[in-house]
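Visitor: This is the structure I have questions about; it appears just below.
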RNA sequence: GGCUCCAUGGUCAAGCGGUUAAGACAUCGCCCUUUCACGGCGGUAACACGGGUUCAAAUCCCGUUGGAGUCACCA
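Take a look at the structure:
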């Protein structure tokens, strides 16, 4: 009995030695951060990035899930910055994160960066580095209970035992008999500290090697995992917590009810399980999302998105190319909830935020990022905009990414609107679907503007006839052209050209006996189209000429005629 | 390698013991069309393999194989 008391006493002494300045107890914080008063079923979720400022599609993917889960039932979605690793810090990252999320229409209710915005922010601070005294209070408590201890092992020593474990083919790590600092006496620890040796604080794991936990994941269902037996690091030598420990404290104190995170975290659930247990916290619900995958050209297989290897999947990239945020959201939602696509098609006019998002409908296996699908969605969504919305979207994008064109192309608003109407098929029976993203749109319509600088014919859309035919057709076209012709009269002239040079003006006749002709009226139109626009695919030619004007059209054709003669 | 998760067409996916195995993207063909598109119709194409359980298996169980994730004083 004396022995036990003595031991407890030593833990208390150790705790005071380690954390002489910690005055608050866990109870203080429990009271300071009470349970949130929220409607029933409302979830509290969060996004918790490290402040590198780099975000890729995968981050948006799970942030969107978090946001939907919180906001569909009046919950809270907040931003916490996990800046415990000094090396990862990048200036301005928080602003970047908030701005990127805002670009995609994902708003936080509170958190980092919202200190002066009138948000409640009652559960802050939201930067982990500003929370060290909180972490210390809890660690001190653990030390006092004998559930944590200082470890003085150096990196070299750790490396040495790891190698030995490897050689012996046993589990690597700091646990059991390998956890040498576990049983240091108070006096030894005290001597080490007085000698100025650096140390970390480790958990004294209570797990057993053949223990098993059954964990219920909101997405994956029941998962059997081995108990944690590692004496994991709680506080690094600079006194800052590791991710695991900070996660337990923060999500408990910030009263998070559901943690949606990437599947790469599933393997550390046993650690979190023990941590919550040892701290006396109730675990939040967890949903481990399937990772968004990418086809790897090198290996010919799938792998998770990597920020180093896939810069083209960074959210910045999508902004730079001018993908409309709404389209991105629709795409991600179709990946996130398999029934979304159907719902969206059924109720195209409903706000996508009204979709009953469901965690249980989330995919189990990793979806391959599919650019074709994204583009298809972009085409569809963009074709539903008005020309004015499109104008504003392009204008805003250009202001940031194409400042030159922003000045020149948008000088004549009516002209630009005319082009957009033409390309979007506004006023036609059906909308066209040519537009995918801003940069692509600019490339599509460039011939209306960069007329002088650009060469006539783009390589991928070359003429399919020889130059003498092209010359004949173009010359005849210019000769007979009358800017006052209406669409029908204009097209009849194309037919005349067809007849004159051995092309079929009647499609049905052509189909019956194609060998009798050089081609058909469609080929005539193609030649003229390519000459004027440099492209084989454009909207109605007559309309194009009436937006660009006769002069520009003629100048363009003459230029091609000049090239053909050389 | 240990542990874990996953496995339906090229891609995303419905499917929860009995289906002609949906749908979307991509692809191909036809139709519509005075040119480009849009649109309409149709085609090709899948339950990884092997054992069970069952009257009946894509569906449940066990193995195999394959893919992915993770094993830090990074998150």
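Residue numbers (my numbering): -9 to 556. Positions of the beta carbon are idealized from the N, C-alpha and C atoms, including for glycine. Note that this is a predicted model, so its numbers are computed, not measured.
Quick check on this structure: which residue in 411, 401 and 406 has the alpha carbon closest to the alpha carbon of residue 375?
Guide: 411
Visitor: When DSSP labels each residue in this structure, what does residue 203 get in the three-state scheme?
Guide: strand
Visitor: How is residue 301 classed by DSSP in three states: helix, strand or coil?
Guide: Per DSSP, reduced to three states, the secondary structure at residue 301 is helical.
Visitor: Look up residue 283 in the DSSP assignment and give the residues it is bridged to.
Guide: 294 and 358
Visitor: Buried or exposed, going by whether 16 or more other CB atoms sit within 10 Å of the CB of residue 433?
Guide: exposed
Visitor: Could you tell me the distance, in whole angstroms, from the CA atom of residue 447 to the CA atom of residue 352?
Guide: Any reading at residue 447 needs caution, since the residue's pLDDT is 48, under 50, leaving its predicted position unreliable; the model's value is listed next. One Cα belongs to residue 447, the other to residue 352, and the distance between them is close to 47 Å.
Visitor: Checking the sheet assignment: what are the DSSP bridge partners for residue 68?
Guide: 36 and 100
Visitor: Out of 384, 378, 152 and 474, state which residue places its alpha-carbon closest to the alpha-carbon of residue 310.
Guide: 384
Visitor: According to the neighbour-count rule (16 or more other Cβ atoms, all chains shown, within 10 Å of its Cβ), is residue -4 buried or exposed?
Guide: exposed
Visitor: Could I get the ranges of all uninterrupted alpha helix (DSSP H) runs contained in the region 187 to 244, with 4 residues as the minimum, in chain order?
Guide: Those alpha helix (DSSP H) runs which fall completely within the region 187 to 244 and span 4+ residues are 233 to 243.
Visitor: Quick check: the region 132 to 144 against the region 171 to 184, are at least 3 beta-carbon pairs closer than 8 Å?
Guide: Judged by Cβ distances under 8 Å, the region 171 to 184 makes contact with the region 132 to 144, as three or more pairs qualify.
Visitor: Here's a check: name, in chain order, each residue in its chain whose Cβ is nearer than 7 Å to the Cβ of residue 195, leaving out the five neighbours to either side.
Guide: So the qualifying residues of the chain are 165, 218, 219, 220, 221 and 264.
Visitor: Tell me, which residues are paired with residue 140 by DSSP?
Guide: 191
Visitor: Residue 328: beta carbon under 7 Å from a heavy atom of the ligand MG?
Guide: With respect to the ligand MG, the structure shown offers nothing to examine, as it has no ligands at all.
Visitor: Tell me the rounded alpha-carbon separation between residue 571 and residue 11.
Guide: Any question about residue 571 goes unanswered here, given that the chain covers just -9 to 556.
Visitor: Using a threshold of 8 Å, state whether the C-beta atoms of residue 106 and residue 67 are closer than that.
Guide: In this structure, residue 106 lies away from residue 67, with their beta-carbon atoms at least 8 Å apart.
Visitor: Of the residues 522, 358 and 243, which one's Cα is nearest the Cα of residue 539?
Guide: Per the C-alpha coordinates, the member of 522, 358 and 243 positioned closest to residue 539 is 522.
Visitor: Please report how far the alpha carbon of residue 216 lies from the alpha carbon of residue 161, in whole angstroms.
Guide: 13 Å
Visitor: What residue from 484, 504, 452 and 482 has the CA that sits closest to residue 527's CA?
Guide: 452
Visitor: Taking buried to mean at least 16 other C-beta atoms within 10 Å of its own C-beta, is residue 204 buried or exposed?
Guide: exposed
Visitor: Cα separation between residue 515 and residue 362?
Guide: 29 Å
Visitor: Residue range of the alpha helix (DSSP H) that residue 249 falls in?
Guide: Run containing residue 249: none in the alpha helix (DSSP H); it sits in the beta strand (DSSP E), 248 to 252.
Visitor: Quick one: residues in its chain with C-beta nearer than 8 Å to the C-beta of residue 283, no 5 flanking neighbours on either side, listed in chain order?
Guide: Once the five neighbours on either side are set aside, the close Cβ partners of residue 283 are 292, 293, 294, 295, 356, 357, 358 and 359.
Visitor: Using the C-alpha atoms, what's the distance from residue 490 back to residue 449?
Guide: For residue 449, the pLDDT reaches just 49, beneath the cut-off of 50, and the residue's location in the model is therefore unreliable, although a value from the coordinates is still provided. Their Cα atoms are separated by approximately 29 Å.
Visitor: Hey, quick one: how far does the alpha helix (DSSP H) through residue 404 stretch, first residue to last?
Guide: 403 to 414
Visitor: Three-state secondary structure (DSSP) at residue 556?
Guide: Here residue 556 scores only 47 on pLDDT, less than 50, and its place in the model is too uncertain to base an answer on.
Visitor: Is it right to say residue 198 is buried, meaning 16 or more other beta carbons lie within 10 angstroms of its own, or is it exposed?
Guide: Under this definition residue 198 is an exposed residue.
Visitor: Just reading off the alpha helix (DSSP H) that residue 374 is part of, what are its end residues?
Guide: No alpha helix (DSSP H) holds residue 374; DSSP gives it neither H nor E.
Visitor: Cα-Cα, which of 104, 132, 230 and 280 is closest to residue 77?
Guide: For the residues 104, 132, 230 and 280, the minimum Cα distance to residue 77 belongs to 230.
Visitor: The alpha helix (DSSP H) that contains residue 498, what's its start and end?
Guide: 497 to 502
Visitor: If you measure between the beta carbons of residue 101 and residue 70, is that distance less than 8 Å?
Guide: yes
Visitor: At a cut of 8 Å, does the region 423 to 438 reach the region 463 to 477 through at least three beta carbon pairs?
Guide: Verdict: no, contact absent.
Visitor: Smallest Cα separation from residue 14: which of 62, 367, 128 and 51?
Guide: 128
Visitor: CB residue 304 to CB residue 45, shorter than 8 Å?
Guide: yes
Visitor: Let me know if residue 92 comes out buried or exposed under the rule of 16 or more other beta-carbons within 10 Å of its beta-carbon.
Guide: exposed
Visitor: For residue 418, count the other beta carbons within 10 Å of its own beta carbon; 16 or more makes it buried, fewer makes it exposed. Which is it?
Guide: By the neighbour-count rule (16 or more Cβ atoms within 10 Å), residue 418 is not buried but exposed.
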